[in-house]
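One structure is given below, encoded as structure tokens.
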Amino acid sequence: MIIKYDNTPACVFPESVSELIARGWAKENSTKSSSYADSQPNKDKTKQSSLNIKVTGEQQVRRGTTHNIYVDVSRNDKPVSDAYIRITIEDYGNDVIRDFEGRTNGNGQFVFSWEIPKRFDDLETLLAYIGVSDDMSSKTILFKFQVYCLPGESGCKVEGN
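If you're matching positions, the sequence shown starts at 160 in this note's numbering and goes up one per residue.
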């Protein structure tokens, strides 16, 4: 680990340190054996590098309607702006129904809005894999929801009472 000219940490091979210093890309005192995380007093090292992802949205959605999935990304209780978001929606058969990419706004928020296809003719559980990455780390979480149709609707297999 070295400290770059802009005071940010970087992981490098030990044999690269002298060359990075010679080129002015790292500071002379960055060759110490302690890591950047070790030099930060009284901070939780796990929390320091951990992305916090909060996903919300309706968990029962009628086919043919709009479904919103809200993603909030933070680190150390501060929003992470411009984090890369990838949402893959699958059924339990691992068929990809929708794949979408985007980035968080300045408040660390991202909204995925889509219309549930009418081809769902029964109650079906779908899985939304939400991958988030920024300059420091990445994390994937799972959000489950169910799609339903109403008895009597055209193409709906569900029978009413």
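Even glycine gets a Cβ: it sits at the ideal position worked out from N, Cα and C.
Remember, predicted model here, so these are calculated numbers, not experimental data.
Measure the alpha-carbon distance for residue i versus residue j and round it to whole angstroms.
i: TYR243; j: ILE212; result: 12 Å
i: SER292; j: PHE304; result: 23 Å
i: VAL220; j: HIS226; result: 7 Å
i: VAL238; j: THR299; result: Checking the displayed sequence, the identity of residue 238 turns out to be Pro instead of Val. Cα-Cα distance, rounded: 17 Å.
i: LYS204; j: ASN235; result: The pLDDT assigned to LYS204 is 46, lower than 50, so where the model puts this residue is not dependable; a value taken from the coordinates is nonetheless given after this. Straight-line Cα distance between these residues: approximately 11 Å.
i: LYS202; j: SER297; result: Reliability fails at LYS202, whose pLDDT of 46 lies under 50, so the model's placement of it is uncertain and no value is given.
i: ARG278; j: LEU210; result: 36 Å
i: VAL214; j: ARG245; result: 13 Å
i: GLU217; j: GLU274; result: 13 Å
Hey, quick one: how far does the beta strand (DSSP E) through residue i stretch, first residue to last?
i: ARG262; result: 255–262
i: VAL306; result: 297–307
i: ASP281; result: Where ASP281 is concerned, there is no enclosing beta strand (DSSP E), given that its DSSP letter is neither H nor E.
i: GLN268; result: 268–274
i: PHE251; result: The residue asked about is misnamed: residue 251 is Tyr in this sequence, not Phe. Counting along the chain, TYR251 falls outside any beta strand (DSSP E), and DSSP gives it neither H nor E.
i: GLN219; result: 219–221
i: SER233; result: 225–234
Please state if the CB of residue j and the CB of residue i are separated by a distance shorter than 7 Å.
i: VAL306; j: GLU283; result: yes
i: SER240; j: GLY265; result: yes
i: ALA287; j: PHE269; result: no
i: ASP294; j: GLY267; result: no
If you compare alpha carbons, which of the options is closest to residue i?
i: ILE289; options: ARG262, THR224, GLN219 and GLU312; result: ARG262
i: PRO276; options: LEU285, GLN268 and ASN264; result: LEU285
i: GLY223; options: CYS308, GLY319 and VAL317; result: CYS308
i: VAL317; options: ASP280, SER296 and GLY267; result: ASP280
i: THR247; options: SER313, SER272 and GLY311; result: SER272
i: PHE259; options: GLY314, ILE228, ASN253 and TYR251; result: ILE228
Are there any heavy atoms of the ligand FAD lying less than 6 Å away from the beta-carbon of residue i, as far as the coordinates show?
i: ASP236; result: For the ligand FAD, the structure offers nothing, since it holds no ligand at all.
Does the CB of residue i have a neighbour CB from chain B at under 7 Å?
i: GLU217; result: Absent from the structure: chain B. Only one protein chain is present.
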